[in-house]
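Beneath this line is the structure, given in structure tokens, with notes to follow.
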Amino acid sequence: MPATPDLKRLDEILGAVRAGIVAVDGQGVVELQNVEASRILGISAETAIGRPFEQGYGADHPLSELIRETLDGDRDLAFNALRIPPRLAGEERIVDAAVSAVPHANPPGGVVALLYDRTIRQELEQRADQETRSEVFARLAAGMAHELRNPLGGIRGAAELLLGKLGDDGLSRFPRLIRGEADRMRRLLDDLSELTQGGDLRLRPDNLHALLDNLLDLQGQSENWKRVRYRREYDPSIPELRLDSDRITQVFLNLIRNAAQAIDHSGTLVLRTRVEADYHLSEGERPLHMVRVDVIDSGRGIPEEDLPHVFTPFFSRRRSGGTGLGLAIAQHWVVRHGGRIQISSRVGEGTRVSVRLPLRRDE
0 MPATPDLKRL DEILGAVRAG IVAVDGQGVV ELQNVEASRI LGISAETAIG RPFEQGYGAD
60 HPLSELIRET LDGDRDLAFN ALRIPPRLAG EERIVDAAVS AVPHANPPGG VVALLYDRTI
120 RQELEQRADQ ETRSEVFARL AAGMAHELRN PLGGIRGAAE LLLGKLGDDG LSRFPRLIRG
180 EADRMRRLLD DLSELTQGGD LRLRPDNLHA LLDNLLDLQG QSENWKRVRY RREYDPSIPE
240 LRLDSDRITQ VFLNLIRNAA QAIDHSGTLV LRTRVEADYH LSEGERPLHM VRVDVIDSGR
300 GIPEEDLPHV FTPFFSRRRS GGTGLGLAIA QHWVVRHGGR IQISSRVGEG TRVSVRLPLR
360 RDE
């Protein structure tokens with residue numbers, strides 16, 4: 000006779016399943032909610048279990064509507080791309096849901112809901128695409144920077160020679176323009192070189208919050224910053240991280256400057272940190288502990304059609320200033336640290352850039 004698993008073992012099995020599972024009895028009371036369901040819904044099992052589903056999840060919650068319809072109609076339902084509103088999870092999630100009626104017995108019926116988080120798969124596909132494009136561009140950039148540096152130096156040298164011969168002649172403005180453009184191109188090549196650098200990172204234990212505070216102090220001296228109110232929302236439990244502080248400083252300097260420039264008149268910039276215990280770098284791998292840093296601004300926002308391209312080198316809607324490489328460079332160094340970077344935005348509401356870095360407690 001096969002052994003009957005005890006409740007603890009059953010809980011361990013359900014906790015390992017990479018699908019959300021919710022069970023509701025015939026009276027509409029939530030009987031079971033596994034760990035993945037809690038993550039997807041942003042609602043803890045303690046909040047939901049033992050209560051009517053309309054209390055635990057909310058009467059107007061999309062899952063409540065499916066459960067109600069299944070209970071009333073005693074039939075199975077499936078729904079693709081169910082939008083789960085942000086709760087504890089902090090972000091909207093796109094979920095495929097299947098809700099099945101439990102055959103009537105004694106006590107009668109109920110429903111079981113299976114939830115598959117499509118958001119994770121979409122994020123993984125986007126990351127893979129970003130990384131492939133970044134690798135291809137890095138190879139092109141390396142060749143381009145190498146081929147252009149010498150002739151660019153010659154152009155600048157010729158402009159200097161012309162300036163020396165023309166003196167204060169009215170025509171001297173033309174070699175000055177040439178020299179200025181040559182300097183701008185050299186800065187562009189320096190940025191391109193950032194995307195081609197490999198080698199080892201100089202990883203040392205570092206205080207992430209102190210690094211962010213230093214950047215806020217630095218930006219506070221610029222004219223753009225005077226119209227920006229900033230707020231820190233730090234998780235004090237975050238330990239020191241192993242970082243190449245020069246590279247990570249560059250990452251967050253780019254992000255903070257972008258945020259300040261996105262605020263046209265006056266607005267707010269928030270730096271928020273927290274620990275995430277369930278982040279997936281790739282499908283099928285166990286979730287990792289990551290530190291998440293959100294840079295949130297209340298600026299003009301990014302059009303939805305532009306979001307897939309924001310990490311593409313040279314993509315920029317700004318009419319002046321910058322090379323269009325800031326976000327590409329930020330992504331490069333975050334990925335080199337074993338992390339990930341994402342952007343969400345709404346026009347007229349603002350932008351959130353989320354940087355996730357590995358939390359390696361034992362190193």
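Per numbering that gives the first Met the number 0, the sequence shown starts with residue 0, numbered consecutively. C-beta atoms are modelled at their ideal positions from N, C-alpha and C, and glycine is treated no differently.
Span separating the alpha-carbon of residue i from that of residue j
i: Pro-256; j: Gln-218; result: The displayed chain sequence assigns Arg, not Pro, to residue 256. Arg-256 and Gln-218: Cα-Cα distance of roughly 8 Å.
i: Gly-108; j: Val-21; result: 14 Å
i: Leu-242; j: Leu-188; result: 25 Å
i: Ile-93; j: Leu-65; result: 15 Å
i: Ser-43; j: Val-28; result: 15 Å
i: Asn-253; j: Glu-275; result: 23 Å
i: Ala-327; j: Phe-310; result: 5 Å
i: Pro-312; j: Gly-325; result: 8 Å
i: Asn-206; j: Val-294; result: 17 Å
i: Asp-245; j: Arg-291; result: 19 Å
i: Gly-298; j: Pro-102; result: 53 Å
i: Arg-82; j: Leu-40; result: 10 Å
i: Ala-258; j: Leu-200; result: 27 Å
i: Ala-181; j: Glu-232; result: 43 Å
i: Ser-315; j: Gly-323; result: 5 Å
i: Asp-212; j: Val-250; result: 14 Å
Backbone secondary structure at residue i - three-state DSSP
i: Thr-311; result: coil
i: Asp-216; result: helix
i: Gly-337; result: coil
i: Arg-345; result: strand
i: His-357; result: Per the sequence presented here, residue 357 reads as Pro, with His not at that position. Strand, per DSSP.
i: Leu-160; result: helix
i: Leu-114; result: strand
i: Gly-166; result: coil
i: Gly-109; result: strand
i: Arg-351; result: strand
i: His-331; result: helix
Where the alpha helix (DSSP H) through residue i begins and ends
i: Ile-295; result: Where Ile-295 is concerned, there is no enclosing alpha helix (DSSP H), although the beta strand (DSSP E) it sits in stretches over 287 to 296.
i: Ser-244; result: 244 to 261
First through last residue of the beta strand (DSSP E) which encompasses residue i
i: Ile-301; result: From DSSP, Ile-301 is part of no beta strand (DSSP E); its letter is neither H nor E.
i: Asp-277; result: 266 to 278
i: Ser-236; result: Ser-236 -> no beta strand (DSSP E), and no H or E assigned at all.
i: Arg-201; result: Neither: Arg-201 is in no beta strand (DSSP E) and is coded neither H nor E.
i: Arg-92; result: 92 to 100
Closest residue to residue i among the options (Cα-Cα distance)
i: Arg-359; options: Leu-151, Ala-258, Val-250 and Arg-203; result: Arg-203
i: Tyr-278; options: Thr-272, Gln-260, Met-289 and Val-269; result: Met-289
i: Gln-330; options: Pro-302, Ile-295, Ile-247 and Asp-296; result: Ile-247
i: Ile-177; options: Lys-164, Ala-157 and Leu-165; result: Ala-157
i: Arg-273; options: His-308, Val-250 and Pro-235; result: Pro-235
i: His-308; options: Leu-215, Ile-342 and Gln-54; result: Ile-342
i: Pro-238; options: Val-111, Asp-116, Leu-356 and Asp-296; result: Leu-356
i: Arg-50; options: Gln-26, Asn-149, Thr-69 and Phe-251; result: Gln-26
i: Gly-179; options: Gly-166, Glu-159, Leu-270 and Gly-163; result: Glu-159
i: Thr-118; options: Gly-72, Arg-38, Asp-167 and Lys-164; result: Arg-38
i: Asp-24; options: Ala-15, Ala-47, Lys-7 and Glu-11; result: Ala-47
i: Asp-263; options: Leu-62, Pro-150 and Asp-296; result: Asp-296
i: Ala-97; options: Ala-261, Gly-166 and Ala-18; result: Ala-18
Chain D within 8 Å of residue i, Cβ atoms only
i: Leu-215; result: Structure shown: chain D not included; a single protein chain is present.
Whole alpha helix (DSSP H) elements within the stretch 17 to 88, 4-residue minimum: 34 to 40, 44 to 47, 52 to 55 and 61 to 72
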